[in-house]
Amino acid sequence: MFLKYEYGGSIYKVEVEREGEKYYITHDDNMYTVTAVEVDKGFLQIDLADREIKCVVSDTDESKYVFLNGEVLEVVPIELTGRKMGKDSDDEEKDLRSPISGKVVKVEIDEEEQIKTGDVLMVIEAMKMEYIIKAPWDGTVEKINYSEGEQIEIGEETMEIRKED
Amino acid sequence: MFLKYEYGGSIYKVEVEREGEKYYITHDDNMYTVTAVEVDKGFLQIDLADREIKCVVSDTDESKYVFLNGEVLEVVPIELTGRKMGKDSDDEEKDLRSPISGKVVKVEIDEEEQIKTGDVLMVIEAMKMEYIIKAPWDGTVEKINYSEGEQIEIGEETMEIRKED
Amino acid sequence: MFEKVLMANRAEIAVRVIKGCQEMGIKTVAVYSDVDKKAPHVRMADESVALGDPTPSESYLNIKKIIDAAIEKGADAIHPGYGFLAENPDFAKSCEAVGIKFIGPSADVIAKMGNKIEAKKIMEKAKVPVIPGYHGSKQDIETLIKESKKIGFPILVKATSGGGGKGMKVVRREEDLRDSIEGAKREALSAFGDDSVFIERYLDQPRHIEFQILADELGNVIHLNERECSIQRRHQKIIEETPSPMMSEELRDEMGGTAVRAAEAVGYQNAGTVEFMVDASNNYYFLEMNTRLQVEHPITEAITGIDLVKWQLKIASGQELNILQEDVKPHGHAIECRIYAEDPTNGFLPCTGTINKIELPEGPNVRNDTGIDEGMTISPYYDPMLGKLIVKGEDRKDSIEKMLWALSRYAVLGIKNNVPFLKEIIDHEAFKRGDITTHFIDIHFKDWTDIKEQLPVDALIALAVYDSMHPKRDEVVKYKESDPHSPWKSAGKWRIGV
Amino acid sequence: MFEKVLMANRAEIAVRVIKGCQEMGIKTVAVYSDVDKKAPHVRMADESVALGDPTPSESYLNIKKIIDAAIEKGADAIHPGYGFLAENPDFAKSCEAVGIKFIGPSADVIAKMGNKIEAKKIMEKAKVPVIPGYHGSKQDIETLIKESKKIGFPILVKATSGGGGKGMKVVRREEDLRDSIEGAKREALSAFGDDSVFIERYLDQPRHIEFQILADELGNVIHLNERECSIQRRHQKIIEETPSPMMSEELRDEMGGTAVRAAEAVGYQNAGTVEFMVDASNNYYFLEMNTRLQVEHPITEAITGIDLVKWQLKIASGQELNILQEDVKPHGHAIECRIYAEDPTNGFLPCTGTINKIELPEGPNVRNDTGIDEGMTISPYYDPMLGKLIVKGEDRKDSIEKMLWALSRYAVLGIKNNVPFLKEIIDHEAFKRGDITTHFIDIHFKDWTDIKEQLPVDALIALAVYDSMHPKRDEVVKYKESDPHSPWKSAGKWRIGV
């Protein structure tokens, strides 16, 4: 599972694999193996090799809150499609780049096809998770850069779309 | 909806009809028209004509608890079939009497039919609610006292069963 | 004693007063506007009356509706709390008119103390020191300029009907006088519909120190020591403590005696507060008298062991104040922090929203006065105070430690609040030294922000764990449900939270 | 000061000590058995170590496991709380042996005070009055009978190694002596593996009054006034208060001085308690010394403003006790009720079960020390105390009112508990008069029951409303789900919660 959060203007990417109470969390080339229990609603007790994290996590439609060491940190989760949740995303954040490195498992459109905002364009798989690329605008598909079965790297443009005015 | 509770060795019967936030509650020939909201999980605020009831209700598998005027009252709900919930009921409490006055809407078995504990024998309807009579023991149906469409009074034996030894 | 008291207020103060009544066996009636139907003060009270429209003038400020509710429920007294109608002489009078006891001083005293100019005149007559100034009715610019020069700079120009910071200017140089006075008058006119101003000596490095007063209806008056309330933002207190770190035994006796004299001068009854400004040389001046319970009353309760709400009730029902001045023997040190839904990084702008999760600190000598609940919405209709956190320690150091601990366990998630800001103030070296004035926040927290350079890796781990426990990615879910041709349907390897 | 303290205990006392440490900036380590994995004390602590098997001997009584945990986490001190290893001299010695500070008196003092006969000898030597009695090692029946007669009736025969009520007999007539002594010996042997008993004068109408002691490691000893602990069931306290309604200023000074002398006589260090029995004529006798923090310590904290846990930490880290006896100036009155999962209608038998819902009373001067949570299971492994409710009022009347209010808002649903019982004690006329002895419950609450004649109609209405809001009739639901031929499928008029 890939996750992205925005905090203080930066984007943080995390990868997490779960096996029961064990979690393998990768961030910035560091791998953390932790065990975690939710002792009460939102109250997490997380054991790392060298320390324990005790915190409360809570979420609204727009933000997630972490109460940790006496401080509340508010982060904005970023959608799997690379866009922020909840709020309407800014135009400049609407793009067609792959949010992950993985394999293209489905291409749902053809070149020159007319598409509407929200249409599913492509599905990319990585780490047993699938990510959807949806149409950020109404328009016409100009060029599809990857076909089913191909490998795509994070940040690569999946396709090009001619926006409708 | 008919409800029965046991408290301090007595059985209390209540009838309740709901319309949105309004409840019509009948007990001992008194009718209470109340409006009620659940302000927090289990916390009820109930307005009567002459007073307000504020209490916390909570239930486990076996009991219901009412925290009212600083006191906890523990009551045992009685099943629709006339038996207590949760705990295995004592033998003497296992019977085939109708828990209500109503109309027999279904008879699921025939005389001389072999039945197993828990089999549905009869369905009785009253006040738009239906009550199931289930087999309290393995055995054979000896005599069915009421057929479909007939009126039955509370406490009347629905049928007779020859218990298996 | 009263049989039934109506609480003409909402939120934490309504809850607090209701508890006091209930302990004394007095029945309580809550009133509530539409948005407060499920609020804790309604839940706590024995009975409640709906006021309707949440607009203050249609609900908690509506004298008729509240008096009608009291009559309907047969309440024999009304407690006004603070804010709303607490210092409205018409309300006190209306209660009297229908034979319901208003828990507070008489309408006449409220009116007198509500008019700042008249209040100062009364105090001057009673030899209570007031700040040198001009409070005359001649409001032409030339008179005001002449009077200002007499007082000496720096001076403060302030709206007569004002409150908060509106219609208020500091003038340090003669050449700025005319512009400032004219500006203050304009602001006053637009804010309060009255352009009259008064002029006072402006104090540098001022402290705000107030004395709690208890006065019965038989003429007994005592004070319950001071509260140091200098930590303010936008001219509103956010942290209060007692004793004040600047207070000596001698000064306390002197100021306390003055406060009692002030209360006696107006024939004060019930609980009240005399506010003083104190300058760097410990000269003190009468500022105003608040004719009601203060927000910060719990710190006085903490160190004196005296329950102010219960005494308000006892006094209003005619009982004698049997605590003598020499019986007031405070111990320890108490601090209160006001928890507001506001953004300290954006001019302390009130924030609205829904409280998603609350975890309050609980422990010995930690008191939470709140009127909030999980799931509750903080609306723009009323004051955005979420609650008050009060701690008491053996001494100031102990109580600062406890407050830091408590704030670090104060979790209100879902709505921006000032807890991190309060914590940094309490943890500030100058605060710890007791080196505080009303300018403290402006000096030390001008461009404060709680956003860190870097999201701590522990938070990231926690988020990752939480999100794999509770997968809830909107778009994905929506897609699966709405589209029968969804590729997810056949995606065998799709897994979340396995 | 210590860097990191391990809390060798669980539940409310672990939570309370952890909070004290955290306020002082000390890191904390919790230990927990399998059933306590999600318990509040674990959640509160900075770190935690699993002890495994919940059997006390394998967990909270296991010296090796706990010392190992402390070493593993680098704790430099261990706080034992009360119960478990708190008065185990071997534990104190084991801590010492690995260079970890045991927060409490020395192993030697614990051992001396743990042996009741030796303790009394020390006290007699220090001119602390002890109950006339025979504590000799000659344990043959004839000697015991002869000594009993010397003391005079009524007498009490008690197991030397005993605790609670086991191996304890009251003898009022000479002719019952032999049978009672033999009976006590049999009980003592089977309960404690040791049949030796001692004999004492039995006090009629006795009160149990104890004095809190603080002693530093430099020889300073003070007392923090008394606690009245006469309200007991099965020889265990359930309600404590301070000051005692029977106490005069003179008697307090005298008994307090005696308590200090008792502590000095054994070279006591840290917090401790000297327990006395007081008869109807205010004669007082040393009962025992508890070499640890008491369950009921919060009431002393409430009226003195002194934090006993913090002082335990300060004293153990070598700090001087800078509170002089004359600095101890309590105010107000405090009561503690111990909330137990037990059945007062059935011999106070502990109850187990799962806590379904908790609503604790919160308000000014209301303190909850708990270590429980909603959803938590009370297991038969440990003491069934759910928490302690402490209130402080201006005087005894005020504090009784507050306690009644608080108890009436103390909702622990899902497990039988003694809240209604406590409420009726506090509300009892004899209690209100202060007319209490250790026999209070036997006298006034012999056949107490909380079942009413009649279920109040308001409860019935509430249940009806709740059940139509949350229809949840097991059998019906099961039937519908499991049987495709269910008659319910076609029952058009079937409706629940419409």
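Residue numbers (the working numbering), protein chains in the order written: chain D, 1 to 165; chain L, 166 to 330; chain B, 331 to 828; chain P, 829 to 1326.
From the three backbone atoms N, C-alpha and C, an ideal C-beta is built for every residue, glycine too.
Bear in mind the structure is a predicted one, so any value in this text is a computation, not a measurement.
Residues bridged to residue i [DSSP beta-bridge criterion]
i: B:Arg340; result: BP columns for B:Arg340 are empty, so no partner.
i: L:Glu196; result: Contrary to the premise, residue 196 of chain L reads as Met rather than Glu in this sequence. According to DSSP, L:Met196 bridges with L:Thr191.
i: P:Ile1167; result: P:Gly1215
i: L:Lys169; result: L:Lys178, L:Ile243
i: B:Pro680; result: B:Glu672
i: B:Thr572; result: B:Ala664
Residue i versus residue j - alpha carbon distance
i: P:Ala1162; j: P:Thr1070; result: 5 Å
i: B:Gly764; j: B:Ser378; result: 44 Å
i: P:Leu1141; j: P:Glu924; result: 16 Å
i: D:Ile53; j: D:Gly42; result: 13 Å
i: P:Leu1152; j: P:Leu1042; result: 11 Å
i: B:Glu353; j: P:Trp1233; result: 5 Å
i: P:Ala858; j: P:Ile894; result: 10 Å
i: P:Tyr1294; j: L:Leu238; result: 14 Å
i: B:Leu839; j: B:Arg503; result: Residue 839 of chain B is absent from the structure shown; chain B starts at 331 and stops at 828.
i: P:Cys1179; j: B:Ile430; result: 50 Å
i: D:Asp28; j: P:Ile906; result: 39 Å
i: L:Asp224; j: P:Glu1252; result: 25 Å
i: P:Gly990; j: P:Ala1016; result: 7 Å
i: B:Pro370; j: B:Ile688; result: 14 Å
i: B:Leu737; j: P:Ser1008; result: 59 Å
i: B:Val501; j: B:Leu638; result: 40 Å
i: D:Gly118; j: D:Ile25; result: 31 Å
i: D:Ile152; j: D:Val104; result: 7 Å
i: P:Val1304; j: P:Glu915; result: Per-residue confidence for P:Val1304 stands at a pLDDT of 38, beneath the threshold of 50, marking its modelled position as unreliable; the derived number appears in the next sentence. If I take the Cα positions, the gap works out to 55 Å.
i: B:Glu402; j: B:Lys349; result: 22 Å
Selection from the options that minimises the alpha carbon distance to residue i
i: P:Asp1201; options: P:Tyr1209, P:Leu1005, P:Lys986, P:Leu1188; result: P:Leu1188
i: D:Lys64; options: B:Val742, B:Met607, B:Phe761, B:Ala593; result: B:Val742
i: P:Leu1214; options: P:Gly1221, P:Lys1244, P:His907; result: P:Lys1244
i: B:Ile645; options: B:Asn550, B:Val696, B:Pro575; result: B:Asn550
i: B:Val608; options: B:Gln599, B:Met577, B:Phe528; result: B:Met577
i: B:Glu454; options: B:Thr588, B:Thr630, B:Thr767; result: B:Thr588
i: L:Glu273; options: L:Ile243, L:Pro242, L:Asp226, L:Thr323; result: L:Thr323
i: B:Ala489; options: B:Ile481, B:Ile452, B:Ile447; result: B:Ile447
i: B:Asn600; options: B:Ser560, B:Ile552, B:Leu581; result: B:Ile552
i: P:Thr1266; options: P:Met996, P:Pro1034, P:Pro884; result: P:Pro1034
i: L:Glu315; options: L:Val181, L:Arg327, L:Ile298, L:Glu290; result: L:Glu290
i: P:Gly1160; options: P:Ser965, P:Asp864, P:Ser1145, P:Gly1133; result: P:Gly1133
Amino acids of chain P, ordered along the chain, whose beta-carbon sits closer than 9 Å to that of residue i
i: B:Lys659; result: Lys1157, His1159
Proximal residues of chain P, C-beta to C-beta of residue i below 7 Å
i: B:Asn877; result: Limits of chain B in this structure are 331 at one end and 828 at the other, which puts residue 877 of chain B out of reach.
Proximity test, residue i beta-carbon vs the ligand ADP heavy atom, cut-off 7 Å
i: B:Thr700; result: For the structure depicted, the ligand ADP is absent and the ligand set is empty, with no information on it obtainable.
Listed by chain order, chain B residues near residue i by CB distance under 8 Å
i: L:Phe208; result: Arg373
i: L:Lys331; result: Residue 331 of chain L is absent from the model: chain L starts at 166 and stops at 330.
Listed by chain order, chain D residues near residue i by CB distance under 9 Å
i: P:Asp1201; result: Val39, Asp40
Proximal residues of chain L, C-beta to C-beta of residue i below 8 Å
i: B:Glu377; result: Arg216, Glu217
Listed by chain order, chain L residues near residue i by CB distance under 7 Å
i: P:Gly801; result: This structure cannot speak to residue 801 of chain P, because chain P is shown only from 829 to 1326.
Per-residue contacts from residue i into chain L (C-beta, under 9 Å)
i: P:Asp1286; result: Ile211, Leu213, Arg216, Ile218, Cys220, Val231, Leu233, Asn234
Continuous beta strand (DSSP E) assignments of at least 3 residues falling wholly in the stretch 854-894 of chain P: With a minimum length of 3 residues, the continuous beta strand (DSSP E) runs that stay inside the stretch 854-894 of chain P are 855-861, 875-880.
Residue ranges of each alpha helix (DSSP H) within the stretch 446-528 of chain B, 4 or longer: Within the stretch 446-528 of chain B, the complete alpha helix (DSSP H) runs of at least 4 residues are 446-455, 471-481, 507-522.
Alpha helix (DSSP H) runs contained entirely in the stretch 591-653 of chain B, provided each spans 4 or more residues: Counting only runs of 4 or more, we get 627-634, 638-646.
Complete runs of the alpha helix (DSSP H) confined to the stretch 1213-1295 of chain P [at least 4 residues]: Correct list: 1224-1236, 1247-1254, 1257-1261, 1268-1272.
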